[in-house]
Every structure is written in C-alpha cells, then in structure tokens.
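For reference, the structure discussed in these notes is given below.
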Amino acid sequence: MKLPIAKPKGRHAVQSARQAWSGPSEGTVYTAYNLSTTEYALCFAVGGLVCFCIGYLFYHSLAAGLLLSFAAFGVPGRYRQMRVHKQMNELRLQFKQGLHALVTSLTAGRSIENSFAAAAADLGFLYSHPQTFIVVEFQRISRRMANGETIESALADFCRRSGLEELSQFLDVFVTAKRTGGNMAEVMRRTSQMIGDKMEIQQEISVQLAQRRFESRILGAAPLGVIGLLYWSSPDYMEPLYGNAAGASIMTAGLAVMLLCWWLTGKLMEMKL
7 MKLPIAKPKG RHAVQSARQA WSGPSEGTVY TAYNLSTTEY ALCFAVGGLV CFCIGYLFYH
67 SLAAGLLLSF AAFGVPGRYR QMRVHKQMNE LRLQFKQGLH ALVTSLTAGR SIENSFAAAA
127 ADLGFLYSHP QTFIVVEFQR ISRRMANGET IESALADFCR RSGLEELSQF LDVFVTAKRT
187 GGNMAEVMRR TSQMIGDKME IQQEISVQLA QRRFESRILG AAPLGVIGLL YWSSPDYMEP
247 LYGNAAGASI MTAGLAVMLL CWWLTGKLME MKL
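Residue numbers for the sequence shown, in the numbering used here: 7 to 279.
Structure follows, in structure tokens:
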C-alpha cells in the first residue's frame, strides 16, 4: 500500500529534506548489529557443536565431524541477520505507537515541534524501558530541534538509519504537507491510519509465516531424527553406510539434498512484506 505523494513541488521538498542532513549519524543504525565477544563465542560454540553432531551422525567419523564443524564460521553472520530483523520489527511496531502519540498531540493543538516532545513523554509511560527505540529517537529529534536543527533533517536522519519503508513514506508525506501548508493534524491522522492498516496486514501475514517456519524446521530436522533412530535401534541395518566409499557417497548425497532443502525453505520463507 503506497501513500500518495502530491505534486512536483512536494517531491522537490522531500528531496531537499533528504539532502539537508549530511553529517554522521549519532544514533543507532537499525540495519546493522555488532556482535559482542560473548555472542561470537556462543555462535561458534553452538554452531560448531551442531555441525560436529551432524557430521558424526552422517559419517560416524570424528574427522568428518571436525571438518563440518568449520561451517560454524557462517553462524555469526546468520545470527546477525536475525538480530537486525528482530530490532527492525521492534522499531516498526513502536513507530506505529509513536505515530498515534504524535497524532494525539497534534489534535490537541500543539505545534509539530512540540508534538514530538509530548509524544516522547507519552511513549515513556507506555514503554517502561528508558532505552526503547522509539522513545530514544523521539527524544533525539526533540533535542535536535531545540539546538536549532530543522525537523526535516532530524527525521531524514532517523529515516536513513531505520531502514523502514513505513518511516520513509511518513517522511515523504510529512515534508510535503509541511512545505505546502496543508492541515498537518488531518494529514498525519490519515497517514497514521494508512500506515497502521498496512502494518496490521503485515503482522497477520507474519503470524502465518511464523507458523509455516516452525513447521518447516520440524520437517527439516526429521531426517536427522530418522537417521539417529535407525542407527540406535538397528545398527546392523545402517552398518553398510559407514566405513566404506559407497556408503560415504550415499550419505554425502543425502546430506547435500537435506542442506539444499533447508536453503530452499529459507528462501521461500523470506517473503518481503
């Protein structure tokens, strides 16, 4: 759902606002995540152990398990992607609440500059943690305006760091309405409603996808469970697959197919909402 952007003059105003802020970002970049030493160690330890167990399960060889454990070097990158996705989702949901608080302040008759400070205070009561993303960002915007910076440039910096399409749409509509002298309270109310409706649809889709992801993970782990069950319950049945070239080839092919299925399932579940 795309929000309407009005007239060439408005588009020019949006571009000017995006270019107005060119300094270094002092806030959180939500499209990035820096792992701590502890997180790196846990990623390598857990990833290495899982890969070692898979290697030993397929080949019954310590050497094969140790060799596959080197695949743990890719775990920190995957974990970083998960954390980035999580913090962007948190910011998206908090931004929805921030829009409601902002619209409430505007409807009460406050100026747009004072509305951000009032919204930050209201959000501070809603979110108990003082470092909640949207509370910190609204407070930062208020401080920048108090220091003489334009609200357009402060919002443009927030938009650039957030990586959220919803915030980019809000910035476009906000700058256009402010530069063209529109009814800010009404424009923000309609914009908040449209963005909120879009987020609700995205959330419903995300719930369905989360269920499918869980099911796919269960199915993805099933081959490991079957191999382990057959080995421990009927070792003689599985013996021809271990300790010889033909058996190793069959197990390698099975492992490759399983990894391919995991990769394809992951790609199918990475739906851009």
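The beta-carbon is built from N, C-alpha and C at its ideal position, and this holds for glycine as well.
In whole angstroms, what separates the C-alpha of residue i from that of residue j?
i: Thr250; j: Pro82; result: Position check: residue 250 holds Asn in this sequence, whereas Thr was assumed. Their backbone Cα atoms lie some 34 Å apart in a straight line.
i: Phe139; j: Ser148; result: 14 Å
i: Tyr62; j: Ala70; result: 6 Å
i: Glu206; j: Val232; result: 40 Å
i: Asp128; j: Ala107; result: 7 Å
i: Phe176; j: Thr197; result: 7 Å
i: Ser111; j: Gln93; result: 26 Å
i: Ala38; j: Phe220; result: 25 Å
i: Tyr133; j: Ala125; result: 12 Å
i: Leu41; j: Gly54; result: 17 Å
i: Glu96; j: Gly169; result: 13 Å
i: Glu45; j: Ala262; result: 28 Å
i: His66; j: Gln217; result: 34 Å
i: Leu73; j: Ala51; result: 14 Å
i: Val179; j: Phe64; result: 57 Å
i: Leu161; j: Tyr36; result: 15 Å
i: Ser240; j: Glu210; result: 45 Å
i: Val136; j: Arg89; result: The sequence given here has Pro at residue 136, not Val. The alpha-carbon atoms of Pro136 and Arg89 are separated by roughly 20 Å.
i: Ala259; j: Leu266; result: 10 Å
i: Gln208; j: Glu276; result: 13 Å
Cutting at 7 Å between CB atoms, please list the residues of its own chain near residue i, excluding the five before and the five after it.
i: Glu119; result: Met151, Ile157
i: Gly29; result: Because Gly29 carries a pLDDT of 48, less than 50, the predicted location of this residue cannot be relied on, and the following value inherits that uncertainty. So the list is empty, once near-sequence residues are dropped.
i: Leu247; result: Gly253, Ile256, Met257
i: Tyr237; result: Met244
Once the 5 residues before and after residue i are set aside, which same chain residues still bring their CB inside 8 Å of it?
i: Ser174; result: Cys165
i: Ala191; result: Val109, Leu112, Thr113
i: Gly188; result: Thr182
With a threshold of 6 Å on Cβ separation, who are the neighbours of residue i within its own chain once the five nearest residues in sequence on each side are excluded?
i: Cys49; result: Val81, Pro82, Tyr85
i: Arg195; result: Val109
i: Met264; result: Pro229
i: Cys59; result: none
i: Phe4; result: Within the shown structure, residues of the chain are numbered from 7 to 279, placing residue 4 beyond reach of any answer.
Hey, would you say the C-beta of residue i is under 7 Å away from at least one heavy atom of the ligand ADP?
i: Ser159; result: The model on display carries no ligand, and the ligand ADP is accordingly not part of it.
What are the uninterrupted segments assigned as alpha helix (DSSP H) that are 4 or more residues long and contained completely in the stretch 117–171, given in chain order? 118–132, 139–152, 157–168
Please give the ranges of any alpha helix (DSSP H) in the stretch 224–254, keeping only runs that are unbroken, at least 4 residues long and fully inside the region. 241–244
Kindly provide the ranges of any alpha helix (DSSP H) runs that are 4 or more residues long and lie completely inside the stretch 42–107, ordered along the chain. 43–65, 68–74
Is there contact here, the stretch 198–214 with the stretch 94–108, by at least three beta-carbon pairs under 8 Å? yes
Could I get the ranges of all uninterrupted alpha helix (DSSP H) runs contained in the stretch 170–207, with 4 residues as the minimum, in chain order? 171–186
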